[in-house]
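Have a look at the structure below, then the notes.
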Amino acid sequence: MRMIVALPLLALAACQVTKDDANDSVTVEYNQDVAENGLEDAANLAGNVAATVSNDVQEAADKVENTDIDVDVNTNAN
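Residue numbers (numbering that gives the first Met the number 0): 0 to 77.
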């Protein structure tokens, strides 16, 4: 979900702004290659984060599975 929030920022990063003071003009160009590379990098990062979280969850689950709990229920105690 947070990736959707980052998409406009990636699109903005792909824009190249050129200011020409002699002609008093500003040119904005959109570079599709830069945008695609940015999206690919973001997707790779998201995949790496997901893998790390998955590994951490698996390690926590393994620790829980290997936990022994001794319960002493003494029904004869006063």
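We treat Cβ as the ideally placed atom computed from N, Cα and C, and that holds for glycine.
Residue state for T74 is assigned as coil, using DSSP reduced to three classes. Distance from the CA of V33 to the CA of D19, rounded to the nearest whole angstrom, comes to 23 Å. Only buried fits G37, as 16 or more other CB atoms lie within 10 angstroms of its CB. Residue pairing from DSSP places V27 in a beta bridge opposite V16.
V16 and E39 have their alpha carbons spaced roughly 23 Å apart.
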